[in-house]
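K.L.:
I'd like to ask you about the structure that follows.
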Amino acid sequence: MPMNPIVYAIPVFFALMLIEAGVGWRRGVTVYRLGDAISSIGLGTVSQALGLLSKAFSLGVYVLVYEHWHWFSLTDDAIWVWVVGLLFYDFLYYWHHRLGHEVSVLWAAHVVHHQSEEFNLSTALRQTSSSFLLGWAFYLPMALIGFPPLVFVVVALIDLLYQYWIHTEQIGRLGWFDRVFASPSNHRVHHAVNDRYLDRNYGGILILWDRIFGTFVEEDEREPPVYGTRAPLRSLDPIKANLQVYAQLLRDSWRTRRWSD
0 MPMNPIVYAI PVFFALMLIE AGVGWRRGVT VYRLGDAISS IGLGTVSQAL GLLSKAFSLG
60 VYVLVYEHWH WFSLTDDAIW VWVVGLLFYD FLYYWHHRLG HEVSVLWAAH VVHHQSEEFN
120 LSTALRQTSS SFLLGWAFYL PMALIGFPPL VFVVVALIDL LYQYWIHTEQ IGRLGWFDRV
180 FASPSNHRVH HAVNDRYLDR NYGGILILWD RIFGTFVEED EREPPVYGTR APLRSLDPIK
240 ANLQVYAQLL RDSWRTRRWS D
């Protein structure tokens with residue numbers, strides 16, 4: 000499998016963006032603002048350009064832990080290993096995502112994805128270039144348990160690709176599906192800065208994790224989501240986007256008197 004297989008999905012991503020824009024046009028809705036879309040796509044391009052190095056690092060650490068310290072010898076020719084692997088990855092992703100909002104140094108990486116004040120499929124492409132700095136550590140339990148590297152790579156890709164389609168306002172509520180899975184409605188809540196919605200609905204594929212751990216909030220038609228961050232970026236510069244919160248953390252740390260602060 001190529002180190003960066005996501006690049007093969009790019010034509011599909013853009014085709015779906017055109018369809019989304021067309022649906023919005025038929026409804027009399029402007030789905031995309033040119034500057035915002037270019038910024039999101041540009042940040043995704045930078046992220047993918049650095050992706051070969053970051054994915055090589057993350058996978059290298061995973062393989063190292065798997066080969067030397069795995070507890071069980073799971074095999075990638077058993078279907079249950081793939082199913083359990085996907086569920087376990089999604090569980091770990093929930094905590095990675097949640098702590099990415101609750102811990103400042105992790106938010107510094109994840110904030111890039113939330114800076115857009117629009118919510119459309121281009122927002123899904125708006126990715127950080129620095130998540131590999133700490134993000135890899137969340138998935139090492141899979142290596143310790145003994146999920147083969149191939150299983151890890153494939154289920155991670157499935158989890159990532161699934162989340163593309165939920166970044167849209169053109170798909171409404173989906174009934175029972177919204178109660179079990181991450182969906183456009185649930186993810187609109189996640190990207191909103193309204194007090195009611197802030198820091199909710201972290202699930203990647205399953206929204207059940209949010210229901211179990213108390214972070215689920217249902218979208219309320221009486222309170223439309225307002226997108227973006229509480230500290231707006233006000234720039235289309237990808238470097239500023241990636242460094243916005245890191246710079247703030249450095250300024251704050253310089254002002255503190257003790258390292259423990």
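If you count by numbering that gives the first Met the number 0, then the sequence shown holds residues 0 to 260, one letter each, in order. Ideal placement from N, C-alpha and C gives every residue a C-beta, glycine not left out. Every value quoted in this text rests on a predicted model; they were computed, and no experiment measured them.
In whole angstroms, what is the alpha-carbon distance linking Arg-178 and Leu-207?
P.N.:
Put simply, the backbone Cα of Arg-178 is about 7 Å away from that of Leu-207.
K.L.:
Taking the alpha carbon of Val-28 as the point to measure from, which residue in Arg-187, Ala-20, Gly-134 has its own alpha carbon closest?
P.N.:
Here the closest residue by C-alpha is Ala-20.
K.L.:
Could you work out which residue in Thr-228, Ser-252, Phe-118, Leu-52 is closest to Tyr-163 when comparing CA atoms only?
P.N.:
Phe-118
K.L.:
Assign Phe-212 to one of three DSSP states: helix, strand, or coil.
P.N.:
helix
K.L.:
Only counting the same chain, and skipping five residues up and downstream in sequence, which positions put a Cβ closer than 8 Å to that of Trp-81?
P.N.:
Asp-75, Val-150, Val-153, Val-154
K.L.:
Which runs of the beta strand (DSSP E) spanning at least 3 residues fall entirely within the segment 164-204, listed in chain order?
P.N.:
none
K.L.:
In angstroms, rounded to a whole number, what distance separates the CA positions of Arg-26 and Pro-223?
P.N.:
Rounded to the nearest angstrom, the two C-alpha atoms are 17 Å apart.
K.L.:
Could you tell me which residues DSSP pairs with Tyr-226 in its beta bridges?
P.N.:
Ala-191
K.L.:
Report the rounded CA-to-CA distance for Leu-124 versus Thr-44, giving the unit in angstroms.
P.N.:
So the two alpha carbons sit approximately 8 Å from each other.
K.L.:
So, at 8 Å on beta carbons, what are the nonlocal neighbours of Gly-145 in its own chain, with the 5 sequence-adjacent residues on each side left out?
P.N.:
Tyr-65, His-69, Trp-70, Phe-71, Ser-72, Leu-73
K.L.:
Can you tell me where the alpha helix (DSSP H) with Tyr-7 in it begins and where it stops?
P.N.:
Looking at the DSSP string, Tyr-7 is not in any alpha helix (DSSP H), and its letter there is neither H nor E.
K.L.:
Compare the Cα-Cα distances from Gly-50 to each of Gly-213, His-67, Trp-135, His-189 and report the closest residue.
P.N.:
Trp-135
K.L.:
Counting only runs that start and end within the segment 142-166, where is the alpha helix (DSSP H) found for 4 or more residues in a row?
P.N.:
148-161
K.L.:
Hey, would you say Gly-203 sits closer than 8 Å to Met-141, going by beta carbons?
P.N.:
The answer is no: Cβ separation not under 8 Å.
K.L.:
Can the beta-carbon of Gln-126 be found less than 8 Å from the beta-carbon of Val-111?
P.N.:
yes
K.L.:
So His-186 and Ile-165 are in contact, right, with Cβ under 8 Å, and what is the actual spacing, rounded?
P.N.:
4 Å
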